[in-house]
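Student: Just so you know, we're using our numbering here: the sequence shown kicks off at 14 and counts up by one.
Every residue, glycine too, gets a C-beta built ideally from N, C-alpha and C.
Handing you this structure, nothing more for now.
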Amino acid sequence: MSSREGPSRRKFGRIDPYCLMAVLPVLLVAGILGSLVNIMLGLGCAVFAGLILLFDSWANRPGPLPPEPEPERRPVRQAP
Numbered sequence: 014m015s016s017r018e019g020p021s022r023r024k025f026g027r028i029d030p031y032c033l034m035a036v037l038p039v040l041l042v043a044g045i046l047g048s049l050v051n052i053m054l055g056l057g058c059a060v061f062a063g064l065i066l067l068f069d070s071w072a073n074r075p076g077p078l079p080p081e082p083e084p085e086r087r088p089v090r091q092a093p
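Structure follows, in structure tokens:
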């Protein structure tokens with residue numbers, strides 16, 4: 014059975030709150046660079062911050078659900 018068969022995984026998961034500790038300063042720098050230096054440089058930094066968030070969300074995607082086990086079959090009891 015290949016990894017493509019069975020229940021599929023979601024493409025993206027939750028964003029780790031600690032990832033925001035890296036992304037928010039990059040967005041701050043992007044805003045400063047975009048307003049004071051060069052708009053394209055600021056946009057480049059903002060895209061980089063978005064890519065960090067995208068990668069983090071992809072890395073935290075949930076695994077596939079395990080298949081449900083079949084119920085146990087018990088022998089039929091006969092009346093005495």
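Once the 5 residues before and after residue 54 are set aside, which same chain residues still bring their CB inside 6 Å of it?
Tutor: 46
Student: Mind checking residue 43: buried by the 16 CB within 10 Å criterion, or exposed?
Tutor: buried
Student: Given a threshold of 16 other Cβ atoms within 10 Å of its Cβ, counted over all protein chains shown, does residue 35 qualify as buried or as exposed?
Tutor: exposed
Student: Could you give the C-beta distance for residue 80 and residue 22, rounded to a whole number, given that I count them as a contact under 8 Å?
Tutor: Actually they do not touch by this definition, with Cβ atoms about 14 Å apart.
Student: Buried or exposed: residue 92, going by 16 or more other Cβ atoms within 10 Å of its Cβ?
Tutor: exposed
Student: What's the C-alpha gap between residue 73 and residue 56?
Tutor: Cα to Cα, the separation comes out at about 26 Å.
Student: Assuming the contact rule is C-beta atoms closer than 8 Å, residue 28 and residue 64 should be a hit. Round their C-beta distance to whole Å, please.
Tutor: That pair is no contact at about 13 Å.
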